[in-house]
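A short write-up of the structure that comes next.
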Amino acid sequence: MTALAARGLTRVFDHADGPLEVLRGVDLDLEPGEVVTVSGRSGSGKSALFALLCGFDKPDSGTVELLGRPLPETPAWQDCAVLPQALGLAHELTLAENVALPLRLSDRRAAVADRVDELLTELGIAALADRYPGEVSYGQQQRAALARAAAPRPRVLLADEPTAHLDHDSVAAALAVLRRVAGEGTAVLVATHHDQVHRVADRRLALTDGRIVPA
Ligand SMILES: Nc1ncnc2c1ncn2[C@@H]1O[C@H](COP(=O)(O)OP(=O)(O)O)[C@@H](O)[C@H]1O
Ligand SMILES: [Mg+2]
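Next up, the structure:
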């Protein structure tokens, strides 16, 4: 079954100088186990599209189906996990507590600590587990946000520029995590400018003039 399917998505934002048609009919299918990258210049609408795909925002027209059903108002994280461009870590929780959060919300309560430790270690931030987001660098926060999205082994993982603040080695670690979750059956969609990320993709797409085209 297709993990995520978008049809004819449009989104117009009203600005002082008139309406801005950011998405003009986006069609997108994401299959289990594949890593798909979306490129596009800054301001092309990648984040706006991701917000529609995970239910943070509603399209003006078009549909999104998650696991063969209309996208629910608030998808469960084990169905669709998100790494937003702005990260969205809870600042009153440590990195380890942030990563544990979606696991504690899901039914699979067993082995939370092991899963958190495994991901933090793989991403090179295990030594920072008990620090708060405000006590680590933005790149380290970004890796914690990736760990949190991957933790529940979601059916769909949407990562918006997940390597924007990472050095070369950390990018490799982040890509290894994305490939591994895809290997476990997760459908992974990544917005990125990084060639290093595009190289590990199964399919490359671009967002141009409000539509998705092969890159
Ligand atoms: N909530 C919003 N209200 C008004 N304009 C928005 C909103 N979100 C995004 N935009 C505009 O839509 C365009 C696409 O933004 P965005 O999706 O963030 O681009 P990208 O992620 O590709 O850099 C930009 O011109 C941006 O200013
Ligand atoms: Mg963006």
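Quick note on the UniProt record's numbering: the sequence shown kicks off at 1 and runs consecutively.
We treat Cβ as the ideally placed atom computed from N, Cα and C, and that holds for glycine.
Since the model is a prediction, treat every value here as computed from it, not as a measurement.
query: For G18, list the residues DSSP reports as bridge partners.; result: H15
query: Could you work out which residue in V22, G33, V26 is closest to S42 when comparing CA atoms only?; result: V22
query: May I ask you to report which of helix, strand or coil DSSP gives R104?; result: helix
query: For A126 and V136, I'd like the C-alpha separation in whole angstroms.; result: 12 Å
query: For a test of the three-state rule: what should DSSP assign to T10, helix, strand or coil?; result: strand
query: Three-state secondary structure (DSSP) at L169?; result: Note on residue identity: the sequence assigns Asp, not Leu, to residue 169. Helix.
query: What residue range does the beta strand (DSSP E) around R61 cover?; result: Sequence check: residue 61 is Ser here, not Arg. Counting along the chain, the beta strand (DSSP E) containing S61 begins and ends at 61-66.
query: Per the DSSP calculation, C80 is bridged to which residue(s)?; result: V156
query: Between the C-alpha atoms of E34 and R179, what's the straight-line distance to the nearest angstrom?; result: 8 Å
query: Count the CB pairs spanning the region 53-69 and the region 93-104 that are closer than 8 Å, and state whether there are at least three.; result: no
query: For L52, name the three-state secondary structure that DSSP assigns.; result: helix
query: For R69, which residues does DSSP report across the bridge?; result: L66
query: Any idea what DSSP makes of S39, helix, strand or coil?; result: strand
query: Going along the chain, which residues of its own chain have a beta-carbon closer than 7 Å to the beta-carbon of Q85, five neighbours each way excluded?; result: S47, D160, E161
query: Helix, strand or coil: which one does DSSP assign to V136?; result: coil
query: Against chain C, does R24 count as a neighbour if the rule is that its beta carbon must be under 8 Å from one of theirs?; result: Absent from the structure: chain C. Only one protein chain is present.
query: Under 5 Å from any heavy atom of ligand 2, by CB: list those residues in chain order, please.; result: K46, S47, Q85
query: When burial is assigned at 16 or more other CB atoms within 10 Å of the CB, is V213 buried or exposed?; result: exposed
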